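Visitor: Structure incoming, see below.
Number of protein chains: 2
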Amino acid sequence: MGRWEPNALERLQDAAMQLFQERGYDRTTVEEIAARAGLTERTFFRYFADKREVLFSRSKELEALIVNAIADAPKEMAPIDVVAAALEALSPGFEERRAHAAKRQPLILAHAELRERELIKLASLASAMAESLRGRGVEKTVANLVAEAGIAIFKSAFERWVEDTKKHELAHHVRVALAELRLITAGASVAPSSPLPTRKVPRRSRSTSR
Amino acid sequence: MGRWEPNALERLQDAAMQLFQERGYDRTTVEEIAARAGLTERTFFRYFADKREVLFSRSKELEALIVNAIADAPKEMAPIDVVAAALEALSPGFEERRAHAAKRQPLILAHAELRERELIKLASLASAMAESLRGRGVEKTVANLVAEAGIAIFKSAFERWVEDTKKHELAHHVRVALAELRLITAGASVAPSSPLPTRKVPRRSRSTSR
DNA sequence: GAAGTCATGTCAGCTTCTGACATCGGAGGT
DNA sequence: ACCTCCGATGTCAGAAGCTGACATGACTTC
Chain A
1 MGRWEPNALE RLQDAAMQLF QERGYDRTTV EEIAARAGLT ERTFFRYFAD
51 KREVLFSRSK ELEALIVNAI ADAPKEMAPI DVVAAALEAL SPGFEERRAH
101 AAKRQPLILA HAELRERELI KLASLASAMA ESLRGRGVEK TVANLVAEAG
151 IAIFKSAFER WVEDTKKHEL AHHVRVALAE LRLITAGASV APSSPLPTRK
201 VPRRSRSTSR
Chain B
1 MGRWEPNALE RLQDAAMQLF QERGYDRTTV EEIAARAGLT ERTFFRYFAD
51 KREVLFSRSK ELEALIVNAI ADAPKEMAPI DVVAAALEAL SPGFEERRAH
101 AAKRQPLILA HAELRERELI KLASLASAMA ESLRGRGVEK TVANLVAEAG
151 IAIFKSAFER WVEDTKKHEL AHHVRVALAE LRLITAGASV APSSPLPTRK
201 VPRRSRSTSR
């Protein structure tokens, strides 16, 4: 494998985070990041397709985790519950990185460029989820909508998790968001019987996989 | 107002679309676009913050339409129905531009840069919708979720509208998407009574505004 | 017709990103 | 030990996107 100093990729990521914190994202050049990592600009672009990617390289792992969780869920489980369970399964991994997320998220929110990148990562995640659902026999348009609903739940849950001073874990917020989504869509049309229930945060419906 | 040849902005948009069709997005430079419009590169960047924006300048109008439709909806209407009605209200405007959308959408889907921009426009739309819902007294987290659900519905509906060989109007697809979303979330947990209905695409629940 | 205003042009420069080619340092074979 | 190969990194040149500062030209207004 690699000779030279090891972990070039991580060194670049660390250097980037440091510099973004020190001077802000747009007053940091790729050349500076590379220099701090003891590398050259050209090498940076061998590891990351562009400057933004240095903050998003973990997204493929996330995608894999979710896709697997969806594929492995019990056959009878309803698609929306499968997705919610898959999101809950991310909880431990997120818990480890709460501190990192707390630094990273404000940075992303402050820069449209980075917001865009985050959004396309989520869109890619949605596609992967939809694909995985179709593997379970869910029809295409439904799979797409469930995946989008899953993203909506995740966004809502993640946002609250980051801000949560009580430090509830992500899984908790996922359950809350799903319950809220159910309340929201529980109007008429499908089951014209029961008018919105009053209970605020019902117990979740299913267990987490993995 | 402006002297010189009028409609610089539209000339730039038209030139851009032409060139993107002829050579593709990334083999078209801003300089070329400006030249075809009879202007200079510098002027292009006075009208559009970056190269991508030339394809997205109408998004603010869209946002305004939706925000107003939400604000003007009847008091008693459930938030999700308010949003769906607002989306249905866009139908006529979209119908006029079906041909344009048919050229533009494949272009966007083929280029990650443009996908990103589209996604952030939708995110901005979601924020605006949530804000407008809060103006109706909807609680913050609920407003955010309803807005995200609205975006999910819109994406689903728009995608099908673009591909629809039968040329149903957008409003129709919005109703279908909302109905599907209701089926999806209609599991247990909120109303543990009725097991998933079998009907595939139920009639819509509410009327459209405008 | 002088002054002012606003859209546009000109120019210089930075940053991001890429292709082509050179180099360096270890792995493995002999 | 030596040679050869290969993969990670460096070097260089350059295109394209984007910006600030300032100049210019056209049309309005008084």
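Chains as they are written, first to last, in full-length UniProt numbering: chain A, 1 to 210; chain B, 1 to 210. Just so it is clear, CB atoms sit at the ideal spot from N, CA and C, and this is done for glycine as well. What you are looking at is a predicted structure, and each value in this text was computed from that prediction instead of being measured.
#1: Give a yes or no on whether the C-beta atoms belonging to Lys51 of chain A and Val30 of chain A are separated by under 9 Å.
#2: Between B:Ile80, B:Ala143, B:Met129, which has its C-alpha nearest Ala177 of chain B's C-alpha?
#3: Roughly how many angstroms separate the alpha carbons of Ala37 of chain B and Leu12 of chain B, rounded to a whole number?
#4: Please report whether the beta-carbon of Lys79 of chain B lies at a distance below 9 Å from any beta-carbon of chain A.
#5: Quick check: the Cα distance between Ala143 of chain B and Ala16 of chain B, rounded to an integer number of angstroms?
#6: For Ser165 of chain A, does the count of other Cβ atoms within 10 angstroms reach 16, so buried, or fall short, so exposed?
#7: Going along chain A in order, which residues have a C-beta closer than 9 Å to the C-beta of Thr29 of chain B?
#8: I'd like the list of long-range same chain contacts for Ser91 of chain A, defined as Cβ closer than 6 Å, with 5 residues on each side in sequence excluded.
#9: Please check the pair Val174 of chain B and Ala157 of chain B, which I expect to be a contact at CB under 8 Å, by giving their CB distance rounded to whole angstroms.
#10: With DSSP run on the structure shown, which of helix, strand or coil describes Gly137 of chain B?
#11: Identify each residue in the segment 120-149 of chain A for which the Cβ-Cβ distance to at least one residue of chain B is less than 7 Å, and report them in chain order.
#12: Kindly list, in the order they appear in chain A, the residues whose Cβ is closer than 8 Å to that of Arg104 of chain B.
#13: Does DSSP put Glu5 of chain B in a helix, a strand or coil?
#14: Just the Cα atoms here: how many angstroms apart are Ala152 of chain A and Ile153 of chain B?
#15: Is the CB-CB distance between Ala69 of chain A and Ala85 of chain A below 9 Å?
#16: Using beta-carbon positions only, say whether Ile184 of chain B and Ala149 of chain A come within less than 9 Å of one another.
#17: Quick check on the burial criterion: 16 or more other C-beta atoms within 10 angstroms. Buried or exposed for Thr40 of chain B?
#18: Buried or exposed, going by whether 16 or more other CB atoms sit within 10 Å of the CB of Arg104 of chain B?
#19: What residues in the segment 160-174 of chain B bring their beta carbon closer than 8 Å to a beta carbon of chain A?
#20: Along the chain, where does the alpha helix (DSSP H) containing Arg182 of chain B start, and where does it finish?
#21: So, at 7 Å on beta carbons, what are the nonlocal neighbours of Thr28 of chain B in its own chain, with the 5 sequence-adjacent residues on each side left out?
#22: Within the continuous alpha helix (DSSP H) that includes Asp72 of chain A, where are the two ends?
#23: Should Ala108 of chain B be flagged as near chain A, meaning a C-beta pair shorter than 9 Å?
Guide: Well, looking at it:
#1: Within the first sequence, residue 51 of chain A is the residue found at index 51, counting from 1. Within the first sequence, residue 30 of chain A is the residue found at index 30, counting from 1. Yes, Cβ-Cβ distance for Lys51 of chain A and Val30 of chain A is below 9 Å.
#2: Start at 1 with the first residue of the second sequence, and residue 177 of chain B comes out as number 177. Measuring from the Cα of Ala177 of chain B, the nearest candidate turns out to be B:Ile80.
#3: Here residue 37 of chain B refers to the residue found at position 37 when the second sequence is read from its first residue. Here residue 12 of chain B refers to the residue found at position 12 when the second sequence is read from its first residue. One C-alpha to the other measures close to 5 Å.
#4: As a first step, residue 79 of chain B is located in the second sequence; it is residue number 79 there, counting from the start. In the sequence under discussion, the amino acid at residue 79 of chain B is Pro, which differs from the Lys named in the question. Answer yes: the Cβ-Cβ gap between Pro79 of chain B and chain A drops below 9 Å somewhere.
#5: Start at 1 with the first residue of the second sequence, and residue 143 of chain B comes out as number 143. Start at 1 with the first residue of the second sequence, and residue 16 of chain B comes out as number 16. For Ala143 of chain B and Ala16 of chain B, the distance between alpha carbons rounds to 37 Å.
#6: Residue numbering aside, residue 165 of chain A sits at position 165 when the first sequence is read from its first letter. In the sequence on display, residue 165 of chain A carries Thr and not Ser. The residue is exposed, with fewer than 16 neighbouring Cβ atoms inside 10 Å.
#7: Here the question's residue 29 of chain B lines up with position 29 in the second sequence. Going along chain A, no residue has its Cβ under 9 Å from Thr29 of chain B, so there is no contact; the nearest lies around 19 Å.
#8: Your numbering for residue 91 of chain A matches position 91 in the first sequence. Closer than 6 Å at Cβ, skipping near neighbours: Glu169, Leu170, Ala171.
#9: Counting from 1 along the second sequence, the entry for residue 174 of chain B is found at position 174. Counting from 1 along the second sequence, the entry for residue 157 of chain B is found at position 157. Sure, about 4 Å apart at Cβ, within 8 Å.
#10: Walking along the second sequence from the start, residue 137 of chain B turns up at place 137. Gly137 of chain B falls in the coil class under three-state DSSP.
#11: Ile120, Ala123, Thr141, Val142, Asn144, Leu145, Val146, Glu148, Ala149
#12: Taking the first residue of the second sequence as 1, we reach residue 104 of chain B at position 104. Within 8 Å Cβ-Cβ: nothing; Arg104 of chain B doesn't reach chain A, min ~18 Å.
#13: Residue numbering aside, residue 5 of chain B sits at position 5 when the second sequence is read from its first letter. Glu5 of chain B falls in the coil class under three-state DSSP.
#14: In the first sequence, residue 152 of chain A corresponds to position 152, counting from 1. In the second sequence, residue 153 of chain B corresponds to position 153, counting from 1. Computed Cα separation, rounded: 11 Å.
#15: Translated into the one-based positions of the first sequence, residue 69 of chain A becomes position 69. Translated into the one-based positions of the first sequence, residue 85 of chain A becomes position 85. Yes.
#16: To locate residue 184 of chain B, count along the second sequence from 1; it is residue 184. To locate residue 149 of chain A, count along the first sequence from 1; it is residue 149. Yes.
#17: For this step, residue 40 of chain B is matched to residue 40 along the second sequence. Result: exposed.
#18: Looking up residue 104 of chain B in the second sequence gives position 104. With a 10 Å radius around the Cβ and a threshold of 16 neighbouring Cβ atoms, Arg104 of chain B comes out buried.
#19: For the segment 160-174 of chain B, which is checked against every Cβ of chain A, the residues closer than 8 Å are Arg160.
#20: The count along the second sequence starts at 1 and reaches residue 182 of chain B at position 182. In the DSSP annotation of this structure, the continuous segment of the alpha helix (DSSP H) that includes Arg182 of chain B starts and ends at 170-185.
#21: As a first step, residue 28 of chain B is located in the second sequence; it is residue number 28 there, counting from the start. Excluding positions up to five away in sequence, the list reads Leu19, Phe20.
#22: As a working note, residue 72 of chain A is residue 72 in the first sequence. Taken as a continuous stretch (DSSP letters only), the alpha helix (DSSP H) holding Asp72 of chain A covers 59-72.
#23: Your numbering for residue 108 of chain B matches position 108 in the second sequence. One detail in the question is off: residue 108 of chain B reads as Ile in this sequence, not Ala. Output row for Ile108 of chain B: interface = no.
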